[in-house]
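Residue numbers (numbering that gives the first Met the number 0): 0 to 103.
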Amino acid sequence: MSPLLIRILVGLIFGLMAMLLGIYSGLKHVQGVRERKIVIRTTIAWGCATAIFSILLYSLPNPYRFLVWIPYLSTMVLIFGAAKLALKRIRLEEAQSQKKPPHG
Numbered sequence: 000m001s002p003l004l005i006r007i008l009v010g011l012i013f014g015l016m017a018m019l020l021g022i023y024s025g026l027k028h029v030q031g032v033r034e035r036k037i038v039i040r041t042t043i044a045w046g047c048a049t050a051i052f053s054i055l056l057y058s059l060p061n062p063y064r065f066l067v068w069i070p071y072l073s074t075m076v077l078i079f080g081a082a083k084l085a086l087k088r089i090r091l092e093e094a095q096s097q098k099k100p101p102h103g
């Protein structure tokens with residue numbers, strides 16, 4: 000095997016291990032089922048966007064491959080922002096549902 004292929008495989012293995020550790024940590028710290036669904040959907044969206052970005056980065060010719068970063072970064076910001084708003088909304092709804100009306 001060539002040294003380049005070995006480096007690529009080692010980087011891929013470390014990247015996948017880091018991704019799995021991040022998913023595990025994220026799922027471990029959610030409170031409810033609804034939050035878990037949001038985290039799973041965010042992870043899937045993030046993974047799909049990263050896969051498309053990687054394919055485009057390695058398949059496009061040199062001057063155009065640098066332009067792929069613009070939609071990738073904006074997509075990541077949108078995914079992160081949407082997930083954060085959804086989690087905030089779910090936590091607010093759960094906090095309001097736990098408040099009991101006074102008996103009177």
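The C-beta atom is built at its ideal place from N, Cα and C for all residues, glycine as well.
Looking at the secondary structure, which residues open and close the alpha helix (DSSP H) in which residue i lies?
{"i": "M75", "result": "W68 to Q97"}
{"i": "V29", "result": "Premise fails: V29 is in no alpha helix (DSSP H) and is neither H nor E."}
{"i": "P62", "result": "N61 to R64"}
Where residue i and residue j are concerned, what is the direct C-alpha to C-alpha distance, given to the nearest angstrom?
{"i": "G103", "j": "G80", "result": "Summary for G103: the model assigns pLDDT 48, below 50, so the residue's position carries little reliability, and this model does not support an answer."}
{"i": "L56", "j": "S73", "result": "16 Å"}
{"i": "S53", "j": "V32", "result": "31 Å"}
{"i": "K36", "j": "H28", "result": "13 Å"}
Does the distance from the C-beta atom of residue i to that of residue j stay below 8 Å?
{"i": "I89", "j": "E34", "result": "yes"}
{"i": "I22", "j": "A48", "result": "no"}
{"i": "T41", "j": "A82", "result": "yes"}
Less than 8 Å between the CB atoms is what I'm expecting for residue i and residue j, so what's the real figure, rounded?
{"i": "G25", "j": "V38", "result": "5 Å"}
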